[in-house]
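Q: Input: one structure, supplied below.
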Ligand code: MV4
């Protein structure tokens, strides 16, 4: 096992990784920008290194600064958390070249899944269901038009280097296709440095259901069930839960088998997530694989009792998984609400000094946060300040606990989306489990009619 780990992240996930290290008896090194000197991850780590000014690209994304911090502190491994360098194949390569263990999958796997067209091609070859579309990158507008006519409109043009909703354009007819194809290519070239795009038929109002997988370096690979993540706005998830109300045992089994097949096709090692779209007929399609720990991992931890961060660290140290597929089961139901420092109506970020901070507790409530009273939420980073995770023996109990928790969560000094989350968990369609990726658009249209 490692003696010392450097955590290349900030906020709640950095703190979450520190807690896992403490339980494993591993020393921790925090890195931070000058904007985060008073952050809790800095206070609770055994050692800390300032790696640069507030701007991401000069601090948390600065590979040489992070590697130097690991070298001067004699850390053996780096946990990247999510965001920042978590899905940088280049960073994983540099770690390996410097003799540091990257706590995540091998660089080749990150690279392969980072190219969404190659990921799609790999999944088609492996027999994982994908959305009807182009088998490869579509090199010119004539081929794009011919294929779209065959598929039937509407189609989605997706950037190979995109993902997570970035670099995606809809075409509703042949005219739109010509315009959107060229626009998508030049946008992709500008945003990602690669113009490649591929086509998929648009799935109408799908659910976003993802499967947690985890594999070790000894060839063991298991799934840890699904997370329902349909409640999102502009590709930012707001509420996640496990299990999904849309899956019965048969469908769960088929989707889990597809997720394992997807992970096995790339010899996946460490924790990963296979994203599917699920349509109203119960057909599901692979869309992307995320090669990192995700924000919403706690709902899986709560229903399975497995500590995913500790498991990631053990796997990176070469240990076998501490459980088999047969030993994994779901108990109860978990829901996570993301609390953001933002105006609940305009969604504009609301950084600043927190004056009062009273997080909820009591039976079945977990709060992952790095905030405290008097803490300053800097304007430079993601606006998520806390995650409230409610567990219940049933979904109904989890919802009641979540309502109670959100209503007793007091944050003063900055604006938060607590009022929005309180409304979502009281909404009838949510309570009935009638949700899709269209949920928030409908919800906001009713809340604030034009
Ligand atoms: C789609 C889709 C419909 N049809 N692909 C958005 C994020 C990225 N991972 C893929 N996304 C979508 N891909 C086809 N062929 C709809 C979405 C989508 C979506 C997916 C998951 C969660 C929320 C979403 C919100 C809007 C669109």
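In my numbering, the protein residues as written are 102 to 551. All C-beta atoms in this analysis are idealised placements derived from N, C-alpha and C, irrespective of residue type, glycine included.
With a threshold of 8 Å (Cβ to nearest heavy atom), would residue 459 be considered close to the ligand MV4?
A: Your numbering for residue 459 matches position 358 in the chain shown. Incorrect: residue 459 has no Cβ contact closer than 8 Å to the ligand MV4.
Q: Express the C-alpha separation of residue 376 and residue 299 in angstroms, rounding to a whole number.
A: The residue you call residue 299 lines up with position 198 of the chain shown. The residue you call residue 376 lines up with position 275 of the chain shown. Rounded to whole angstroms, residue 299 to residue 376 spans 18 Å at the Cα level.
Q: From the DSSP output, read off the bridge partner residues of residue 148.
A: Position 47 of the chain shown holds residue 148. For residue 148, which the question treats as bridged, DSSP gives the partners 130.
Q: Does the beta carbon of residue 162 fall short of 8 Å from some heavy atom of the ligand MV4?
A: Numbered from its first residue, the chain shown carries residue 162 at position 61. Outside the cutoff, so no.
Q: Report the residue from 245, 227, 228, 229 whose alpha carbon sits nearest the alpha carbon of residue 235.
A: Against the chain shown, residue 235 aligns to sequence position 134. Residue 245 is the option with its Cα nearest to residue 235.
Q: Do you know how far the Cα of residue 186 is from the Cα of residue 111?
A: Position 10 of the chain shown, counted from the start, is the residue given in the question as residue 111. Position 85 of the chain shown, counted from the start, is the residue given in the question as residue 186. Between residue 111 and residue 186, the C-alpha separation is close to 12 Å.
Q: So if DSSP puts residue 390 in a beta bridge, which residue, or which two residues, is it bridged to?
A: Locating residue 390 in the chain shown gives position 289, where the first residue counts as 1. Partner(s): 375.
Q: Kindly indicate which three-state DSSP category residue 518 falls into: helix, strand or coil?
A: What you label residue 518 is simply residue 417 of the chain shown in a count that begins at 1. Coil, per DSSP.
Q: Could you check where the alpha helix (DSSP H) with residue 341 kicks off and where it finishes?
A: Within the chain shown, the letter at position 240 stands for residue 341. From DSSP, residue 341 is part of no alpha helix (DSSP H) but of the beta strand (DSSP E) over 337-343.
Q: Is it true that the CB of residue 127 sits closer than 9 Å to the CB of residue 102?
A: As a position in the chain shown, residue 102 is number 1, starting the count at 1. As a position in the chain shown, residue 127 is number 26, starting the count at 1. In contact: residue 102 and residue 127 (Cβ atoms closer than 9 Å).
Q: Leaving out the 5 sequence neighbours to the left and right, which residues in its chain are closer than 7 Å to residue 441 when beta-carbon positions are compared?
A: Translated into the one-based positions of the chain shown, residue 441 becomes position 340. Within the same chain, residue 441 has close Cβ partners 484, 485, 486, 517, 518.
Q: Determine the extent of the alpha helix (DSSP H) in which residue 544 is found, giving its start and end residues.
A: If you number the chain shown from 1, residue 544 lands on position 443. Start and end: 540-548.
Q: Using a beta-carbon distance below 9 Å, is residue 376 in contact with chain D?
A: The chain inventory of the structure shown lacks chain D, comprising one protein chain alone.
Q: Taking all protein chains shown into account, decide if residue 482 is buried (16 or more other Cβ within 10 angstroms of its Cβ) or exposed.
A: By 1-based counting over the chain shown, the position of residue 482 is 381. Flag for residue 482 reads buried.
Q: Using the three-state DSSP reduction, which class does residue 254 fall into: helix, strand or coil?
A: Here residue 254 refers to the residue found at position 153 of the chain shown. Residue state, collapsed to three classes: coil.
Q: Any contact between the region 326-340 and the region 533-548? By contact I mean 3 or more CB pairs, one from each, below 8 Å.
A: yes
Q: In or out: residue 297 buried (at least 16 other Cβ within 10 Å) or exposed?
A: Taking the first residue of the chain shown as position 1, residue 297 is located at position 196. Its Cβ being crowded by 16 or more others within 10 Å, residue 297 is buried.
Q: Between which residues of its own chain and residue 156 is the CB-CB distance below 7 Å, once the five residues before and five after are set aside?
A: Against the chain shown, residue 156 aligns to sequence position 55. Excluding residues within five positions, the ones whose Cβ falls inside 7 Å are 481.
Q: Please go through the same chain and pick out, in chain order, the residues whose beta-carbon is closer than 6 Å to the beta-carbon of residue 306, but skip the five residues on each side of it.
A: Locating residue 306 in the chain shown gives position 205, counting from the first residue. So the qualifying residues of the chain are 537, 539.
Q: Please report the residue range of the alpha helix (DSSP H) in which residue 552 lies.
A: The requested residue 552 is not part of the displayed model; the chain covers only 102 to 551.
Q: So is residue 129 buried or exposed if we call it buried at 16+ other beta carbons inside 10 Å?
A: Along the chain shown, one-based indexing puts residue 129 at 28. The residue in question, residue 129, is buried, as its Cβ has 16 or more Cβ neighbours within 10 Å.
Q: For the ligand MV4, is there any heavy atom lying closer than 8 Å to the beta carbon of residue 386?
A: As a working mapping, residue 386 is identified with position 285 in the chain shown. Of the heavy atoms belonging to the ligand MV4, at least one sits nearer than 8 Å to the Cβ of residue 386.
Q: Buried or exposed: residue 200, going by 16 or more other Cβ atoms within 10 Å of its Cβ?
A: In the chain shown, the residue the question calls residue 200 occupies position 99. Counting of Cβ neighbours within 10 angstroms places residue 200 among the exposed residues, the total staying below 16.
Q: State the Cα-Cα distance for the pair residue 274 and residue 303, rounded to the nearest angstrom.
A: Your numbering for residue 274 matches position 173 in the chain shown. Your numbering for residue 303 matches position 202 in the chain shown. Between residue 274 and residue 303, the C-alpha separation is close to 12 Å.
Q: Looking at residue 378: is its Cβ nearer than 9 Å to the Cβ of residue 310?
A: Residue numbering aside, residue 378 sits at position 277 when the chain shown is read from its first letter. Residue numbering aside, residue 310 sits at position 209 when the chain shown is read from its first letter. Closer than 9 Å, so yes.
Q: Pull up the DSSP beta-bridge partners for residue 441, would you.
A: Position 340 of the chain shown, counting from 1, holds the residue named residue 441. Looking at the DSSP assignment, residue 441 forms a beta bridge with 485.
Q: Can you tell me the Cβ-Cβ gap for residue 319 and residue 421, rounded? I've got them flagged as a contact below 8 Å.
A: Residue mapping note: residue 319 aligns to position 218 of the chain shown, counting from 1. Residue mapping note: residue 421 aligns to position 320 of the chain shown, counting from 1. At roughly 5 Å, the Cβ-Cβ gap stays under 8 Å, so residue 319 and residue 421 are in contact.
Q: Quick check on residue 193: does DSSP put it in helix, strand or coil?
A: For the purposes of this step, residue 193 is identified with residue 92 of the chain shown, where counting begins at 1. It is helical.
Q: Using the beta-carbon count (16 or more within 10 Å), is residue 213 buried or exposed?
A: Counted from its first residue, the chain shown places residue 213 at position 112. Per the 10 Å Cβ criterion, buried.
Q: Which of the three DSSP states, helix, strand or coil, is assigned to residue 498?
A: The count along the chain shown starts at 1 and reaches residue 498 at position 397. Three-state DSSP puts residue 498 in a helix.
Q: Write down the C-beta distance between residue 523 and residue 508 rounded to the nearest angstrom, noting that I regard them as a contact closer than 8 Å.
A: In the chain shown, the residue the question calls residue 523 occupies position 422. In the chain shown, the residue the question calls residue 508 occupies position 407. Sure, about 6 Å apart at Cβ, within 8 Å.
Q: Following the continuous beta strand (DSSP E) through residue 326, name the residue where it begins and the one where it ends.
A: Counting from one through the chain shown, the residue named residue 326 turns up at place 225. Taken as a continuous stretch (DSSP letters only), the beta strand (DSSP E) holding residue 326 covers 322-334.
Q: At which residues does the alpha helix (DSSP H) containing residue 113 begin and terminate?
A: Indexing the chain shown from 1 puts residue 113 at position 12. 112-125 is the span of the alpha helix (DSSP H), which, as asked, contains residue 113.
Q: Compute the Euclidean distance between the alpha carbons of residue 423 and residue 247, then round it to the nearest angstrom.
A: Here residue 423 refers to the residue found at position 322 of the chain shown. Here residue 247 refers to the residue found at position 146 of the chain shown. Cα to Cα, the separation comes out at about 51 Å.
Q: Please say whether residue 265 and residue 288 have beta carbons closer to each other than 9 Å?
A: The sequence position of residue 288 within the chain shown is 187, counting from 1. The sequence position of residue 265 within the chain shown is 164, counting from 1. Cβ atoms of residue 288 and residue 265: not closer than 9 Å.
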